[in-house]
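Okay, structure first, notes after.
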Amino acid sequence: MQKQNGTELKNKAKQLLQNKTVDRVAGFCAGEFAYDPSPCVFYSAEEIEENMIYDCFCSPNFSKFLVKETKKPGRIAVFMKPCDTYSLNQLITEHKIDKDKIYIAGIGCDGMVDVFKLRNKTGSAILKASCDNGALTVKTPDGDMTFAFDEVLAERCLVCKSKKHVYYDELLCEPSFETDTGRFDKVEQIEKMSADARYEFFRSELSKCIRCNACRDACPACTCETCVFGESSSGAESRENANEFEEKLFHIIRAYHVAGRCTDCGECSRVCPQRIPLHLLNRKFILDINRFYGVYQAGETVGQIPPLTDKNESDPEV
Amino acid sequence: MQLNGYKPKIVAFCCNWCSYAGADLAGSSRFTYPDNVKIIRVPCSCRVDPVFILRAFGGGADGVMICGCHPGDCHYTSGNYHTRRRMKLLFSMLDYLGIEKERMKLIWISASEGEKFASAATDFMNTVARLGENRRLGDLRCKSKTEQN
Ligand code: SF4
Ligand code: SF4
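Put into structure tokens, the structure is as follows:
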């Protein structure tokens, strides 16, 4: 269902290496299962030919990898879907990524599959999966199954904020535009609930957390070299079984630390093994910022001043 | 100050230049304010990291006040404008999580407003006393054995 298929990306990657535009390419190679391709860096056309893949399971946002990758010598090419480029812009704005060391090829996107959703639907092992023509076909020991793409799409893709690449060196797809799919609907719905219901909702969600820190590690806005949650003095460096305070402290502060910088790429919710809807916290901050300080989309352009660094004498009182 | 035998614990973060001096003036001018307001002096209201507030609640506070210079009067020019944005977002988030936002307050108090400090602290104490004990944002580890049971 992708607008670019694996073969097109392979050819492009080989071409970029051959004409020396870059000296390595970041992409995906097959993982252990059909639904978990893993990010790889390719140095030669042979490696690309042999191992590179691209399909509707290649969800990871590569912008964060570039923080480390651009510290190495040479230039790296990366294929990016629209949402990744917002995170990239934000990182360039924060001087975490050197533009001269990257080559971004924008690729079209019709959304990525949510593996948890898919696994729930198939109910058995997934041996093979292929996506084309708006449908996903999976091979299981119980036979083949086909799903309409919308049924298995990740939440962030169902409410995709933009199909527009805000940063690229080359665009492999048609230029596209921002979309309005009601990504704040759920937040507004929660706001209308009673305080007790809200408390109960978040308490039950957050108490599922096992503090694996995957949400923090995957977040392209979390790039501190030393994280406040890494040390014992934070009071929240690991899971406290009998205590809810640690989980509230962790989740409020995690979301707060990226407030105004979070582009709403959805990586936190995607990687959470406990399926906690972390985007509901991030989106609350985004929505509040829009309401109080004017509509702001982090990562839209390089060089924006984030709302929590900015200030105005006429800001509303608390 | 007590309400039905319950005495809330209040933490007040006061900026060194205005509010702390205001609290001092309240004392030297003999305006009374509740003795269960514990003042923590900070260089500027914008020194108050959201973590401080959560930790105060975790450590047993029932209410937290953040006091700073009036807008435009910050000793460091703009610290309180940043405080205002940060607290607005933090309080709104806590409210979203179902935690009573009346337990938190941001107040502007200048060095000459001793009386305002005393009355704001008293009012806040009354509000918090009505809400009762902070159950939604406390840390079990900070409670004594008897309180835990
Ligand atoms: S959020 Fe939009 S751009 Fe990002 S993966 Fe989903 S559909 Fe593609
Ligand atoms: S990824 Fe999920 S389980 Fe892991 S720390 Fe984050 S919220 Fe908790």
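So the protein lines, in turn, are chains A and B.
If you want the working numbering, it's the position in the first sequence, counting the first as 1, plus 217.
If you want the working numbering, it's the position in the second sequence, counting the first as 1, plus 330.
We put the beta carbon where it would ideally sit given N, CA and C, even for glycine.
Extent of the continuous alpha helix (DSSP H) run through residue i
i, result
"leucine 424 (chain B)", "409 to 426"
"valine 404 (chain A)", "402 to 409"
"isoleucine 383 (chain B)", "380 to 388"
"glycine 357 (chain B)", "349 to 358"
"cysteine 367 (chain A)", "One detail in the question is off: residue 367 (chain A) reads as aspartate in this sequence, not cysteine. Where aspartate 367 (chain A) is concerned, the enclosing alpha helix (DSSP H) stretches over 366 to 369."
"serine 421 (chain A)", "412 to 423"
"isoleucine 265 (chain A)", "262 to 268"
"cysteine 374 (chain A)", "372 to 375"
"alanine 448 (chain B)", "444 to 461"
"threonine 339 (chain A)", "332 to 339"
"lysine 356 (chain A)", "No alpha helix (DSSP H) holds lysine 356 (chain A); the beta strand (DSSP E) holding it covers 352 to 357."
"leucine 283 (chain A)", "282 to 286"
Distance, residue j Cα to residue i Cα
i, j, result
"valine 519 (chain A)", "valine 383 (chain A)", "9 Å"
"methionine 417 (chain B)", "glutamate 263 (chain A)", "55 Å"
"glutamate 405 (chain A)", "leucine 504 (chain A)", "9 Å"
"aspartate 402 (chain A)", "valine 369 (chain A)", "20 Å"
"serine 455 (chain A)", "isoleucine 427 (chain A)", "9 Å"
"aspartate 469 (chain B)", "alanine 386 (chain B)", "10 Å"
"isoleucine 340 (chain B)", "serine 531 (chain A)", "30 Å"
"cysteine 432 (chain A)", "arginine 360 (chain B)", "52 Å"
"asparagine 268 (chain A)", "phenylalanine 296 (chain A)", "16 Å"
"threonine 363 (chain A)", "phenylalanine 333 (chain A)", "16 Å"
"arginine 471 (chain B)", "glycine 340 (chain A)", "41 Å"
"methionine 329 (chain A)", "alanine 451 (chain B)", "53 Å"
"glycine 444 (chain B)", "isoleucine 407 (chain A)", "41 Å"
"aspartate 327 (chain A)", "isoleucine 429 (chain B)", "39 Å"
"isoleucine 314 (chain A)", "glutamine 521 (chain A)", "15 Å"
"asparagine 479 (chain B)", "aspartate 403 (chain B)", "Caution applies to asparagine 479 (chain B), whose pLDDT of 49 falls short of 50 and renders its modelled position unreliable; the model cannot decide the point."
"leucine 401 (chain B)", "tryptophan 438 (chain B)", "Looking at the sequence provided, one finds proline at residue 401 (chain B) rather than leucine. Distance between the alpha carbons of proline 401 (chain B) and tryptophan 438 (chain B) is about 8 Å."
"lysine 318 (chain A)", "proline 256 (chain A)", "19 Å"
"glycine 390 (chain B)", "cysteine 348 (chain B)", "26 Å"
"glutamate 266 (chain A)", "arginine 414 (chain B)", "55 Å"
"phenylalanine 509 (chain A)", "leucine 389 (chain A)", "38 Å"
"valine 535 (chain A)", "leucine 436 (chain B)", "7 Å"
"methionine 423 (chain B)", "alanine 243 (chain A)", "37 Å"
"threonine 440 (chain A)", "cysteine 489 (chain A)", "18 Å"
"lysine 345 (chain A)", "threonine 480 (chain A)", "33 Å"
"valine 381 (chain B)", "glutamate 422 (chain A)", "21 Å"
"serine 393 (chain A)", "aspartate 425 (chain B)", "37 Å"
"valine 376 (chain A)", "isoleucine 370 (chain B)", "45 Å"
"isoleucine 469 (chain A)", "leucine 498 (chain A)", "8 Å"
"phenylalanine 282 (chain A)", "glycine 462 (chain B)", "48 Å"
"glutamate 517 (chain A)", "alanine 448 (chain B)", "47 Å"
"aspartate 397 (chain A)", "threonine 407 (chain B)", "39 Å"
"glycine 223 (chain A)", "aspartate 349 (chain A)", "12 Å"
Segment limits, beta strand (DSSP E) that includes residue i
i, result
"tyrosine 320 (chain A)", "319 to 323"
"lysine 313 (chain A)", "Neither: lysine 313 (chain A) is in no beta strand (DSSP E) and is coded neither H nor E."
"lysine 368 (chain B)", "367 to 372"
"valine 295 (chain A)", "293 to 297"
"lysine 227 (chain A)", "From DSSP, lysine 227 (chain A) is part of no beta strand (DSSP E) but of the alpha helix (DSSP H) over 223 to 235."
"glycine 393 (chain B)", "393 to 398"
"cysteine 348 (chain A)", "345 to 349"
"phenylalanine 259 (chain A)", "255 to 259"
"phenylalanine 343 (chain B)", "340 to 345"
"arginine 241 (chain A)", "241 to 246"
"lysine 435 (chain B)", "434 to 438"
beta-carbon residue i near ligand 4 non-hydrogen atom, thresh 8 Å
i, result
"valine 488 (chain A)", "Within the structure as shown, ligand 4 is missing, the only ligands being ligand 1 and ligand 2."
Can you give me, in chain order, the residues of the segment 399 to 431 of chain B that have a beta carbon less than 8 Å from any beta carbon in chain A?
When C-beta distances to chain A are compared with 8 Å, the residues of the segment 399 to 431 of chain B below that value are Pro401, Gly402, Ser408, Tyr411, His412, Arg414, Arg415, Arg416, Met417, Lys418, Leu419, Leu420, Phe421, Ser422, Met423, Leu424, Asp425, Tyr426, Leu427, Gly428, Ile429, Glu430, in chain order.
Counting only runs that start and end within the segment 468 to 524 of chain A, where is the alpha helix (DSSP H) found for 4 or more residues in a row?
As far as the segment 468 to 524 of chain A is concerned, its whole alpha helix (DSSP H) runs of at least 4 residues are 484 to 488, 496 to 510.
Contact residues within the segment 461 to 472 of chain B, judged by C-beta distance below 9 Å to chain A
Against chain A - using a Cβ distance shorter than 9 Å - the residues of the segment 461 to 472 of chain B are Arg466, Leu467, Gly468, Asp469, Leu470, Arg471, Cys472.
Using Cβ-Cβ distances below 9 Å, what residues of the segment 409 to 426 of chain A are close to chain B?
Look at the segment 409 to 426 of chain A: the residues with a C-beta under 9 Å from a C-beta of chain B are Met410, Ser411, Ala412, Asp413, Ala414, Arg415, Tyr416, Glu417, Phe418, Phe419, Arg420, Leu423.
What residue ranges within the segment 427 to 458 of chain A form continuous alpha helix (DSSP H) runs of no fewer than 4 residues, ordered along the chain?
Scanning the segment 427 to 458 of chain A from its first residue to its last, the whole alpha helix (DSSP H) runs of 4-plus residues come out as 431 to 435.
Give the residues from the segment 366 to 392 of chain B that approach chain A closer than 8 Å (Cβ to any Cβ), ordered along the chain.
The residues in question are Pro380, Val381, Leu384, Arg385, Gly388.
Under 7 Å, CB to CB, which of the residues in the segment 241 to 254 of chain A have a partner in chain B?
Answer in chain order: no residues at all.
Going along the segment 486 to 510 of chain A in order, which residues come within less than 8 Å of chain B, judged by CB to CB distance?
Of all residues in the segment 486 to 510 of chain A, only Leu498, Lys501, Phe502, Asp505, Ile506, Phe509, Tyr510 come within less than 8 Å of chain B when Cβ atoms are compared, listed by chain position.
Along the segment 473 to 486 of chain A, where does the CB come closer than 7 Å to a CB of chain B? Name the residues.
Within the segment 473 to 486 of chain A, the qualifying residues are Tyr473, Ala476.
Can you pull out the residues from the segment 456 to 471 of chain A whose beta carbon lies closer than 9 Å to at least one beta carbon of chain B?
Glu457, Ala459, Asn460, Glu461, Phe462, Glu463, Lys465, Leu466, His468, Ile469, Ile470: these are the residues of the segment 456 to 471 of chain A whose beta carbon lies less than 9 Å from some beta carbon of chain B, given in chain order.
Along the segment 517 to 535 of chain A, where does the CB come closer than 9 Å to a CB of chain B? Name the residues.
The residues in question are Pro524, Leu525, Thr526, Asp527, Lys528, Asn529, Glu530, Asp532, Pro533, Glu534, Val535.
Using Cβ-Cβ distances below 8 Å, what residues of the segment 321 to 344 of chain A are close to chain B?
Residues: none.
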